[in-house]
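Enquirer: Each step along the sequence shown adds one to the number in my numbering, with nothing skipped, and position 242 is 373. A virtual CB, placed ideally from N, CA and C, is assigned to each residue, including glycine. Before anything else, here's the structure in question.
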Amino acid sequence: MSKLMMPIVLVSLLPCLPESAAWAQFGGSRAGVEANADVVADLPMLDREVAEGFIVIDGRAEIRVRPTEIRIVLAVTSEGPTAQDCQASLEESVSKLKTAWLGLGIPAESIVEDFIAVLPLYEWNLEKRGDNEIGVEAKAGFRMQTNVHVAVTNDGKAAQALAVALEQDVTDVIAFDYWSRELDEFKLKAREQAVKAARSKADLLFTALLDSVPPVINIQEQTTIRFPDSLYHSFVNTHDAEVQSGWRRDIPFVRAYRPRNTYYRGLNSDGDVQPRDLPMHPEISVVSTVRLYFQSPAAKQAKGGKDEE
């Protein structure tokens with residue numbers, strides 16, 4: 132068989148593979164790219180003082196929240212010989228952008244300007260001074276920047292707003308943020324679920340192993356919010372994709388740039404209560420952890436032993 136025919140044969144064999152084997156290949160498509168946790172860590176051994184002092188049981192719950200608002204932040208810049216020229220050009224660009232957004236039905240109160248800076252621009256000039264040529268840096272103009280924030284209700288509106296900005300030649304996207312007006316309510320729900328999970332584990336363990344449930348002597352609680360921008364994952368798929376210079380016959384060779392692979396991975400909180408669906412859309416994750424400290428039955432025995440001593 133010729134080498135040219137081998138790829139065709141291999142591709143044709145793919146449909147013949149068992150379904151489980153094919154999925155196994157898909158699941159390992161990133162194998163070797165990053166370190167994988169293939170071993171579940173063991174519980175650490177407690178020292179005697181802790182074991183005899185108290186029992187700790189955690190409950191953790193994660194709730195995904197669909198955003199109710201999306202904010203896009205774009206930088207609008209202009210350059211000119213004077214600051215006044217920059218300001219006039221900037222105002223014209225921002226005005227056109229606002230008008231286009233208003234045409235999409237975005238209310239004026241959802242569009243906010245945030246002036247950033249006006250800075251001088253410099254350029255190098257060669258000057259003859261005496262018998263020598265020197266490079267002299269001189270001011271060549273100004274550069275002004277203002278950021279424009281726009282708030283929309285969903286991804287569809289965000290795509291429209293971004294398309295309109297690109298039509299106006301505003302292409303510098305600084306931020307893409309998600310928000311929900313219902314975060315406080317979801318924090319309460321996550322906390323309630325975490326308490327319920329911790330209590331359920333305590334009832335199960337103590338009922339099976341002890342005569343009664345020991346008293347709670349302390350409680351810890353932590354509720355955090357993870358926004359979608361922190362739930363994206365980036366990795367390099369090929370380790371040789373680096374920009375390098377090589378030399379052959381005094382000719383420089385520069386590798387092409389390979390961008391990092393980035394995708395929305397979502398949060399793996401490894402909690403007792405977790406969302407059932409795959410993280411297919413950018414969502415806000417609310418995670419609550421409740422830690423219950425119970426009095427250890429061994430505490431009384433340890434105290435009695437010390438009293439006898």
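For the ligand NAP, I want to know if residue 383 counts as a neighbour, meaning its beta carbon is within less than 7 Å of at least one of the ligand's heavy atoms.
Expert: With respect to small molecules bound, the structure shown includes none, and the ligand NAP cannot be examined in it.
Enquirer: Ignore the nearest five residues each way along the sequence and tell me which others in residue 298's own chain have a CB closer than 8 Å to its CB.
Expert: 231
Enquirer: Identify whether residue 234 lies in helix, strand or coil by the three-state DSSP scheme.
Expert: helix
Enquirer: Going straight from the alpha carbon of residue 207 to that of residue 282, what length do you get?
Expert: 17 Å
Enquirer: Only counting runs of 4 or more residues, tell me where the alpha helix (DSSP H) segments fall wholly within the stretch 276–361, in order along the chain.
Expert: 286–298, 314–340
Enquirer: From residue 385 to residue 392, what does the alpha carbon distance come to, in whole angstroms?
Expert: 21 Å
Enquirer: Which runs of the alpha helix (DSSP H), 4 residues or longer, sit entirely within the stretch 181–258?
Expert: 214–234
Enquirer: Compute the Euclidean distance between the alpha carbons of residue 225 and residue 358, then round it to the nearest angstrom.
Expert: 29 Å
Enquirer: Helix, strand or coil for residue 383, going by three-state DSSP, please let me know.
Expert: strand
Enquirer: Contact defined as beta carbons within less than 8 Å: I believe residue 442 pairs with residue 201. What is the distance between those atoms, to the nearest angstrom?
Expert: The displayed coordinates of the chain run from 132 to 440. Any statement about residue 442 would go beyond what the structure contains.
Enquirer: With a threshold of 16 other CB atoms inside 10 Å of the CB of residue 273, please say whether the residue is buried or exposed.
Expert: buried
Enquirer: So, for residue 182: in the same chain, excluding its five sequence neighbours on each side, which residues have a beta-carbon less than 8 Å away from its beta-carbon?
Expert: 427, 429
Enquirer: From the DSSP secondary-structure annotation, give me the bridge partner or partners of residue 264.
Expert: 259
Enquirer: For residue 333, which residues in the same chain have their Cβ closer than 8 Å to its Cβ, ignoring the five residues on either side in sequence?
Expert: These residues qualify, in order along the chain: 188, 344, 423, 425.
Enquirer: State the CB to CB distance for the pair residue 398 and residue 362, rounded to an integer number of angstroms; the pair is presumed to be in contact (CB under 8 Å).
Expert: 6 Å
Enquirer: Under 8 Å between the Cβ atoms of residue 419 and residue 354?
Expert: yes
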